[in-house]
Structure formats: C-alpha cells, structure tokens
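S.K.: Residue numbers (this note's numbering): 38 to 276.
By construction, the Cβ of each residue, glycine as well, lies at the ideal position given by its N, Cα and C atoms.
Encoded as structure tokens, here's the structure I'll be asking about.
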Amino acid sequence: MLSASALGGASSNKSADSGARGPETMEVDIPSDFAMAGPSAGGSSGDWSAARSPRVDEANSAWLSKPPMERFIDILDQLDTKVESLRKEALLLRDQKDFLAMSVDLLKNNEYLTGLNENERDEINCYVQRISNRLGTVELNVCTVRDHAQEDSLHHVNSLIDMIISSADPVMSRQKCQQFLNACSTTDTSVYSDIDPTTVYTDKKFESALLGCTLDDQKTIKKRLQALLVYLTQQTIVH
Numbered sequence: 038m039l040s041a042s043a044l045g046g047a048s049s050n051k052s053a054d055s056g057a058r059g060p061e062t063m064e065v066d067i068p069s070d071f072a073m074a075g076p077s078a079g080g081s082s083g084d085w086s087a088a089r090s091p092r093v094d095e096a097n098s099a100w101l102s103k104p105p106m107e108r109f110i111d112i113l114d115q116l117d118t119k120v121e122s123l124r125k126e127a128l129l130l131r132d133q134k135d136f137l138a139m140s141v142d143l144l145k146n147n148e149y150l151t152g153l154n155e156n157e158r159d160e161i162n163c164y165v166q167r168i169s170n171r172l173g174t175v176e177l178n179v180c181t182v183r184d185h186a187q188e189d190s191l192h193h194v195n196s197l198i199d200m201i202i203s204s205a206d207p208v209m210s211r212q213k214c215q216q217f218l219n220a221c222s223t224t225d226t227s228v229y230s231d232i233d234p235t236t237v238y239t240d241k242k243f244e245s246a247l248l249g250c251t252l253d254d255q256k257t258i259k260k261r262l263q264a265l266l267v268y269l270t271q272q273t274i275v276h
C-alpha cells in the first residue's frame, strides 16, 4: 500500500526507529508466495487481501526527506527491476515448455515406434497425446514486439526447424541442426572470437531468416537448437 507519508505526506512516528532497519532506501515489498497463496477455507477473502497487499517499506527519515518526485522515481525504479525479473523467469518457464513440446514431437516421430505392434503403437500414441494435451493447458505469454517482417521470419525459422524434427534420418537431421546452430553462433563474437566466420559452414537460407528475427527470438531459437542438437547427437550415437 502506498501511504501518504511515503509519497509526499508528513513523516509518521515510524521514522524514529526506521534508521536501524537499513540504508537510506525504500523497498517495494511483494510477498514471495503472493501468486501461489489463496484465501483459506476458514478465513474471509477480505482478510486475505489485506494480508497480501503489496506495500512500500519506508526505510528511514532520510528517504522521507526526499522530494515527492524522487520518492516516486525510487519506487518506479524498483518496480521496473522486479517486472524485468518476472519477465526473465517467465521466459525460462516458456523455454522449459518449448523443450517439453519438442521432446513430445520427437517421440512421436521416433523410428523405433515401427518395431511395436499396432496395439502397442496405439497405446503409446494415446499416452503421448494425453501428455501433449496436458502441456497445452499451460499458457505462458511473454509478448515480444515484432513487426510483420519479423513475424514472417520467425514463422520461416520455425518451419525449417520443424522439418528437422520430423525427418526420419537422424544423421542428416543432426548435420542440418548443426548448420542452423552455426548460423546462430556466427553473430556471437564470444563464440568465434578466434575463428573466421566465413570458415564455419552454415545454412544460408536459415541464416537469412534468422537475421530477420528480433534479438529475443534469436536467443530463444539458439537455445532450442542447442537442446535439439544434444538429442539428435544421442540418437546418432545409438545408430
């Protein structure tokens, strides 16, 4: 709760002992279990809402002596940092979901399914479909601002990667995946700092589409390809 004293009102008697609590700053206090907790069966929703309300912790009188505008800026700076942290955590969860979805797709196209009889294949396919449907109930939406050209580029990149996943030849799929990953890495100077990028073989069609994507999408695509390459390498070793 943003109090009057926090944002420009008179200082309260809390400021007398607030100096012992820390440096001359304020803190936006959001309970760590806010998103997961809910009203208890025996308590009222009003009590729960009051207990879980986000609030501003006024650190000391030095912070309260700042002009109201500076107090607002301090609060907004902290909120901005927390929002960015939330986005990063959500992106990590989205990456995990994408990895699981890719694993399901790879399993559906696994050549060893042909070694099962019809009843066994049906059972496996039903199980895979249940997992896929359950995964589909998880919605993680972190918006990346794209123009029309960037949307088209991302769609093209995803189509090329899907072709690898659906391929029946694990050796060719691994080689193509490596070429795609090379295209991602040639833009990263930390990876090829001592190597001439022109000597690294890449898929030019994929590289062209990749360069049309946003930077956030390029990072996500690279992570997806890294996970896919690990899987395909293991498949190649088995063969």
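On the three-pair Cβ rule with 8 Å, is the region 264 to 274 touching the region 243 to 254?
M.R.: Too few Cβ pairs lie closer than 8 Å, so no.
S.K.: State buried or exposed for ARG158, treating a residue as buried only when at least 16 other CB atoms are found within 10 Å of its CB.
M.R.: Locating residue 158 in the sequence shown gives position 121, counting from the first residue. Exposed.
S.K.: Can you tell which of LYS125, GLU121 and SER169 has its C-alpha closest to the C-alpha of LEU143?
M.R.: Reading the sequence shown from its first residue, position 106 is the one you call residue 143. Measuring from the Cα of LEU143, the nearest candidate turns out to be SER169.
S.K.: Can you tell me the Cα-Cα spacing of PHE217 and LEU197, whole angstroms?
M.R.: For the purposes of this step, residue 217 is taken as the residue at position 180 of the sequence shown. For the purposes of this step, residue 197 is taken as the residue at position 160 of the sequence shown. The alpha-carbon atoms of PHE217 and LEU197 are separated by roughly 9 Å.
S.K.: Specify, as a first and last residue, the run of the alpha helix (DSSP H) that TYR164 falls within.
M.R.: Translated into the one-based positions of the sequence shown, residue 164 becomes position 127. Residues 155 to 173.
S.K.: Is the beta carbon of ASP111 closer than 7 Å to that of LEU191?
M.R.: To locate residue 191, count along the sequence shown from 1; it is residue 154. To locate residue 111, count along the sequence shown from 1; it is residue 74. No.
S.K.: For SER203 versus ASN146, is the C-beta spacing smaller than 7 Å?
M.R.: The residue given as residue 203 occupies position 166 in the sequence shown. The residue given as residue 146 occupies position 109 in the sequence shown. Yes. Within cutoff.
S.K.: If you drop the 5 nearest sequence neighbours on each side, which residues of the same chain put their C-beta closer than 6 Å to that of PHE243?
M.R.: As a working mapping, residue 243 is identified with position 206 in the sequence shown. Excluding sequence neighbours, PHE243 sits near LEU197, PHE217 and ALA220.
S.K.: What does the Cβ neighbour count give for SER122, buried or exposed, with the cut at 16 atoms within 10 Å?
M.R.: The residue given as residue 122 occupies position 85 in the sequence shown. Exposed is the call here.
S.K.: Kindly give me the distance between the Cβ atoms of LEU137 and CYS214, rounded to whole angstroms, as I take these residues to be in contact under 8 Å.
M.R.: Walking along the sequence shown from the start, residue 137 turns up at place 100. Walking along the sequence shown from the start, residue 214 turns up at place 177. Incorrect: roughly 18 Å between the Cβ atoms, too far for contact.
S.K.: Thinking C-beta only, is VAL179 closer than 7 Å to ASP134?
M.R.: As a first step, residue 134 is located in the sequence shown; it is residue number 97 there, counting from the start. As a first step, residue 179 is located in the sequence shown; it is residue number 142 there, counting from the start. In the sequence under discussion, the amino acid at residue 134 is Lys, which differs from the Asp named in the question. Result no, Cβ atoms of LYS134 and VAL179 do not sit closer than 7 Å.
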